[in-house]
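Asker: Numbering (this note's numbering), first residue to last: 955 to 1087.
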Amino acid sequence: MAAAAAGILACLAASMLPAWRPIALRVAGGIAGSIPGVMILQAFAVPVLALAFALFWLVSRLIGPLDGAAQIAWNVTVIIAFLAIPLVLSVIGFIVGWGIGARMAGGATLKRALDGSRLISAAAARVGVFRFW
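What follows is the structure in structure tokens.
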């Protein structure tokens, strides 16, 4: 959050120069849009982590106790998976949120900004949600 606040302040300072104003506006919009993007995709990480936990638990029950290097490899795999899932979803949320925020700061409506996101458009078409658009 401190980096976002510093970025917004830098955009505010850059907007004082007329030539930089459109760029500063889009960057500030991207910063503002990235925060909810990250939070929403982190919320989606919770069921993914629950599914991964159930899968790892089931696999560990099926293969039985491990010894030595196999146990270490299994533990490292589980730890990396549980760190990578939220990290990857946070990065995706940052990128998607940045794009939506920058498009809205550029004058696009919410519908047009959401339609401009390939990930959201693909997910909405696949799931069949957002039919009110």
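Quick reminder that beta carbons are idealized off the backbone N, C-alpha and C, glycines included.
Using a 10 Å radius around the Cβ and a threshold of 16 neighbouring Cβ atoms, would you call Met1058 buried or exposed?
Answerer: Mapped onto the sequence shown, residue 1058 falls at position 104. So Met1058 counts as buried.
Asker: The alpha helix (DSSP H) with Asp1021 in it runs from where to where?
Answerer: As a working mapping, residue 1021 is identified with position 67 in the sequence shown. Asp1021 -> no alpha helix (DSSP H), and no H or E assigned at all.
Asker: Since Ala984 and Gly1070 are thought to touch, with beta carbons under 8 Å apart, how far apart are those beta carbons, to the nearest angstrom?
Answerer: Taking the first residue of the sequence shown as position 1, residue 984 is located at position 30. Taking the first residue of the sequence shown as position 1, residue 1070 is located at position 116. The amino acid at residue 984 is misidentified as Ala; the sequence shows Gly. Actually they do not touch by this definition, with Cβ atoms about 13 Å apart.
Asker: For the alpha helix (DSSP H) containing Leu971, name the first residue and the last one.
Answerer: One-based indexing of the sequence shown puts residue 971 at position 17. Run containing Leu971: none; DSSP gives neither H nor E here.
Asker: Can you give me the C-alpha to C-alpha distance between Phe998 and Ala973, rounded to a whole angstrom?
Answerer: Position 44 of the sequence shown, counted from the start, is the residue given in the question as residue 998. Position 19 of the sequence shown, counted from the start, is the residue given in the question as residue 973. Cα atoms of Phe998 and Ala973: separation of roughly 39 Å, rounded to the nearest angstrom.
Asker: To the nearest angstrom, report how far apart Phe1010 and Ile1049 are at their CA atoms.
Answerer: The residue you call residue 1010 lines up with position 56 of the sequence shown. The residue you call residue 1049 lines up with position 95 of the sequence shown. So the two alpha carbons sit approximately 29 Å from each other.
Asker: CB Leu1043 to CB Leu1005, shorter than 9 Å?
Answerer: Reading the sequence shown from its first residue, position 89 is the one you call residue 1043. Reading the sequence shown from its first residue, position 51 is the one you call residue 1005. It is not a contact, given that the beta carbons lie outside the stated cut-off.
Asker: Can you name the start and end residues of the alpha helix (DSSP H) that Ala1067 belongs to?
Answerer: The count along the sequence shown starts at 1 and reaches residue 1067 at position 113. Run containing Ala1067: Leu1064 to Asp1069, per the alpha helix (DSSP H) assignment.
Asker: Given this structure, state the Cα-to-Cα distance separating Gly1053 from Ala1008, to the nearest angstrom.
Answerer: Working through the sequence shown from its first residue, we reach residue 1053 at position 99. Working through the sequence shown from its first residue, we reach residue 1008 at position 54. The straight-line gap from Cα to Cα measures roughly 34 Å.
Asker: If I measure Cβ to Cβ from Ala1067 and keep anything under 7 Å in the same chain, skipping five residues before and after, which residues do I get?
Answerer: For the purposes of this step, residue 1067 is taken as the residue at position 113 of the sequence shown. These residues qualify, in order along the chain: Ile1054, Arg1057 and Met1058.
Asker: Helix, strand or coil for Gly1061 per DSSP?
Answerer: Taking the first residue of the sequence shown as position 1, residue 1061 is located at position 107. In this structure, Gly1061 counts as coil in the three-state DSSP scheme.
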